[in-house]
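Residue numbers (full-length UniProt numbering): 1 to 287. Just so it is clear, CB atoms sit at the ideal spot from N, CA and C, and this is done for glycine as well. This report refers to the structure that appears directly beneath it.
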């Protein structure tokens with residue numbers, strides 16, 4: 001099943017809704033790669049956004065395709081990050097006085113994993129598997145080494161058909177033909193979504209719906225209408241279409257959202273994080 005083509009649709013406009021009437025954020029949800037981070041470096045404006053939210057007492061969550069373990073390392077020195085949704089929204093945890101506690105999880109059953117693996121491998125697609133605690137690859141490819149160096153995630157080389165307790169899979173297209181082929185995956189309950197220009201995630205349909213944000217919203221007891229979000233990938237679209245305010249970072253456009261998602265709140269096409277800073281400062285000053 002496909003979450004859509006890899007290319008963005010034609011835009012309907014830079015903004016949907018009234019950006020002059022933004023609610024004070026009760027929660028801020030952020031994708032990481034391409035939104036706040038470029039590989040290992042914070043993008044310009046990222047720390048300003050986090051500092052503004054922290055000073056205002058707004059809870060912050062990272063919702064990312066990165067492994068949960070690597071996200072915990074990333075936020076060791078960022079105590080303001082109170083929630084994480086890792087592995088493409090399949091594993092969601094909250095931080096408390098005693099450390100991290102699980103909130104919710106999504107996974108792929110054994111039959112679905114076997115059928116998906118047979119399909120990807122029979123078509124020559126480099127395939128990765130992720131469990132609650134591990135990242136398993138069949139070969140140490142250049143993309144595996146690059147991803148590990150960027151995210152700090154640890155991987156092991158092993159037989160993929162022996163892996164159990166799978167929460168997410170991924171494929172690495174090596175050319176445009178392989179990329180187009182991956183979107184033809186016919187397995188029910190599995191969605192293909194661009195997590196990074198080099199990587200396509202294969203996630204449970206339930207995880208793609210909100211990228212794990214639903215468990216965070218429920219844990220904090222806030223209304224979706226009062227939540228802000230920012231993201232740049234296909235796997236962010238469900239989250240971005242559910243919140244009261246969302247910022248679509250390149251290459252995403254408002255038209256990439258579902259019709260319901262476009263109309264559910266204020267939608268801003270943001271070329272960079274300075275746009276987020278501008279809107280956030282205005283909303284906080286007015287509250």
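If you run the structure through DSSP and keep just helix, strand and coil, what is residue i?
{"i": "residue 76", "result": "coil"}
{"i": "residue 249", "result": "coil"}
{"i": "residue 16", "result": "strand"}
{"i": "residue 270", "result": "coil"}
{"i": "residue 288", "result": "With the chain covering only 1 through 287, there is no way to say anything about residue 288."}
{"i": "residue 33", "result": "strand"}
{"i": "residue 241", "result": "helix"}
{"i": "residue 204", "result": "strand"}
{"i": "residue 262", "result": "helix"}
{"i": "residue 157", "result": "strand"}
{"i": "residue 22", "result": "coil"}
{"i": "residue 166", "result": "strand"}
{"i": "residue 116", "result": "helix"}
{"i": "residue 4", "result": "With a pLDDT of 48 at residue 4, under the threshold of 50, the modelled position of that residue is not reliable, and no figure is offered here."}
Within the same chain, show all residues whose beta-carbon is closer than 8 Å to that of residue i, passing over the 5 residues directly before and after it, in chain order.
{"i": "residue 12", "result": "For residue 12, the predicted structure reports a pLDDT of 38, less than 50, and the residue's modelled location is therefore unreliable. A value from the coordinates is still provided. Closer than 8 Å at Cβ, skipping near neighbours: 253, 254, 255 and 262."}
{"i": "residue 114", "result": "161"}
{"i": "residue 124", "result": "178"}
{"i": "residue 164", "result": "110 and 131"}
{"i": "residue 15", "result": "254, 266, 267, 268 and 269"}
Since residue i is in the beta strand (DSSP E), which residue starts that stretch and which ends it?
{"i": "residue 228", "result": "227-231"}
{"i": "residue 102", "result": "99-105"}
{"i": "residue 224", "result": "Unbroken run through residue 224: none, as it is neither H nor E."}
{"i": "residue 191", "result": "190-196"}
{"i": "residue 137", "result": "135-137"}
Mind checking which residues open and close the alpha helix (DSSP H) that includes residue i?
{"i": "residue 275", "result": "273-286"}
{"i": "residue 217", "result": "213-220"}
{"i": "residue 150", "result": "142-151"}
Could you name the residues that DSSP lists as bridge partners for residue i?
{"i": "residue 91", "result": "86 and 105"}
{"i": "residue 126", "result": "172"}
{"i": "residue 27", "result": "227"}
{"i": "residue 131", "result": "166"}
Suppose the cutoff is 6 Å on Cβ atoms and the five residues either side in sequence are ignored; what does the same chain contact list for residue i look like?
{"i": "residue 195", "result": "65, 201, 233 and 235"}
{"i": "residue 58", "result": "25 and 28"}
{"i": "residue 282", "result": "none"}
{"i": "residue 216", "result": "61 and 83"}
{"i": "residue 246", "result": "229, 240 and 267"}
{"i": "residue 219", "result": "94 and 103"}
{"i": "residue 53", "result": "28 and 60"}
Which same chain residues end up closer than 7 Å to residue i when comparing Cβ atoms and leaving out the 5 residues on each side of it in sequence?
{"i": "residue 120", "result": "127 and 171"}
{"i": "residue 273", "result": "43, 44, 45, 46 and 49"}
{"i": "residue 279", "result": "19, 22 and 268"}
{"i": "residue 144", "result": "137 and 155"}
{"i": "residue 150", "result": "39 and 40"}
{"i": "residue 249", "result": "34, 35, 230, 231, 232 and 270"}
{"i": "residue 17", "result": "265, 266 and 267"}
{"i": "residue 207", "result": "88, 89, 90 and 106"}
> Can you give, in chain order, each stretch of the beta strand (DSSP E) that sits fully within the segment 38-64 and has at least 3 residues?
Replying inline: 60-63
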